[in-house]
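Shown next, in structure tokens, is the structure this report addresses.
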Amino acid sequence: MDEQTLPPNQKPRKRNPSAQPLPEDPLILGDALRVLKTLPPASVDLVFADPPYNLQLKNDLWRPNLTMVDRSAKEWDELGDFATYDEFTEAWLSALRPLMKRRSSLWVSGTYHNIFRIGRLLQDLGFWLLNTITWYKPNAMPNFSGTRLKNDVEFIIWAQKMERGSKTFRHHVAKQFNDFRPGKQLGSVWRIPACGGKERLKDAQGRKLHATQKPEELLTRIILSSSRRGDLVLDPFLGTGTTAVVAKRTHRRWLGIEKDPAYLAIAAKRIAGITPLLENHPLLHETRPPPRIPFPQLLEAGLLRAGQALFLDHPPHEATILPDGQLQVGDERGSIHQLGARLKGTPACNGWMHWRYLDPQGQWQKLDQLRRQLRREPRHRKPNP
Ligand SMILES: C[S@@+](CC[C@H](N)C(=O)[O-])C[C@H]1O[C@@H](n2cnc3c(N)ncnc32)[C@H](O)[C@@H]1O
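Each number in this note's numbering corresponds to the 1-based position in the sequence shown with 355 added.
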């Protein structure tokens, strides 16, 4: 492959010198069943696998406007009967397992056609299931014949090797993807449109280059929430390279296997066009936000007391601290934020920045000073419930 397709950080971390090295080229043409057996054990930090679905489509599918629904997946998707599919699945999962580090994660994507079979095999092979993501596609194709519900979901099983509970999950990073309740814990229903628009790879005639190109948003969530910078991400069924594209963009290393040379070439070209995100990009923030301090905790810690005065900067107001941690100005009461907003006539107010207290040296200080002090001296802090 072209130089540019090599991950910038392909330098392996500390590794047993007697183990086989990782291949120099991170894009490997071949059958995953064979290639996986050639890779070094315990070398992979995260796996995303989007294996054939074995849809077993018997007839062509037509839209009401008499255009045919894309069937280009047919050649690589047909594996035969259920027993053959199970044999295939068991073989690749068994070959993959030793490559995973003890605490690494495996995400396997599928539809109702194959995901239940994969889930059972994962458990039989000793993987520990952590979650099943229901990926809801608001732009899914209708069921043209009207014989059943619109199939607008896919599933992704998230599993680990043996241990219970994920040691690689980055809960605070995942929160940023919560569209339903921003900033709160991310749930397992993800609303992400199926790949379309500029992101969808098409030929000069406007035909899709791959039938099942995954949206980058899906891989961004998976990679950022279950790996760290420099980690090695493996995709044994690379297709158009979506996993590698997101890995490169988010400063991870990658290894992709694909048996179709045309798809691998598409992936290589696509990866070469990716620039890693700038170091200070918000998506790359990995640190846990500082612990939340509710204002009444300052009273409990003895840093302020009920009856003490606080001053609002603009317009100037003097408030009294009540025993429950609320503030009072005349007949008005509220939290430092609510009362601050009301007095300022603004929709919101960060009370930590706008209320001031008199420090022992007679200086006016922002309340935020005391919040910082409490964070620095955790002995004052009450344990989180
Ligand atoms: C569901 S698609 C993956 C699509 C990919 N996630 C993307 O975003 O483009 C599965 C891919 O696996 C490849 N494939 C099927 N069987 C394979 C095998 N035994 N070894 C390697 N690749 C295989 C197919 O050619 C196909 O491109």
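From the three backbone atoms N, C-alpha and C, an ideal C-beta is built for every residue, glycine too.
Candidates 475, 490 and 445: closest to residue 544 by CA position: 490
Rounded C-alpha distance that separates residue 650 from residue 529: 27 angstroms
Start and end residues, beta strand (DSSP E) containing residue 675: 672 to 676
Residue 599 CB to nearest heavy atom of ligand 1 below 7 angstroms: no
Supposed close pair residue 631, residue 603 - CB separation, criterion 8 angstroms: 6 angstroms
Simplified DSSP assignment, three categories, for residue 357: Unreliable placement is indicated for residue 357, whose pLDDT of 36 sits below 50; the coordinate value is still reported in the next sentence. It is coil, neither helix nor strand.
Element boundaries [beta strand (DSSP E), containing residue 487]: 483 to 491
Check: residue 594 C-beta below 7 angstroms from any heavy atom of ligand 1: yes
Sufficient close CB pairs (3 or more, under 8 angstroms) joining the region 612 to 632 to the region 650 to 661: no
Beta-bridge partners of residue 383, as assigned by DSSP: 612
Residue burial classification, residue 504 (beta-carbon count within 10 angstroms, cutoff 16): exposed
Cut-off 8 angstroms between Cβ atoms - residues of its own chain near residue 719, not counting five sequence neighbours on either side: 666, 711, 712 and 713
Residue 402 vs residue 461 beta-carbon contact at 8 angstroms: yes
Minimum C-alpha distance to residue 601 - residue among 613, 622, 617 and 614: 622
Cβ-based burial, residue 538 [other Cβ within 10 Å; buried from 16]: exposed
CA nearest to the CA of residue 522, picked from 708, 647 and 583: 583
beta-carbon residue 712 near ligand 1 non-hydrogen atom, thresh 7 angstroms: no
Residue range of the unbroken alpha helix (DSSP H) whose run includes residue 580: 571 to 581
Residue 513 and residue 473 closer than 8 angstroms at C-beta: no
Residue 586 and residue 404 closer than 8 angstroms at C-beta: no
Inter-residue Cα distance where the pair is residue 466 and residue 619: 23 angstroms
Supposed close pair residue 399, residue 449 - CB separation, criterion 8 angstroms: Actually they are not in contact, since the Cβ atoms of residue 399 and residue 449 sit about 15 angstroms apart, beyond 8 angstroms.
Beta strand (DSSP E) segments (min. 3 residues) lying fully within the region 501 to 537: 508 to 515
For residue 540 and residue 444, the rounded distance between their alpha carbons: 32 angstroms
heavy atom of ligand 1 below 7 angstroms from residue 466 C-beta: no
Contact belief for residue 729 with residue 676 at Cβ below 8 angstroms, rounded distance in angstroms: Not confirmed; about 16 angstroms, so no contact.
Inter-residue spacing [alpha-carbon to alpha-carbon] between residue 364 and residue 605: With a pLDDT of only 42 at residue 364, under the threshold of 50, the placement of this residue in the model should not be trusted; the figure read from the coordinates follows. So the two alpha carbons sit approximately 11 angstroms from each other.
Distance cut-off 7 angstroms: residue 651 Cβ against heavy atoms of ligand 1: no
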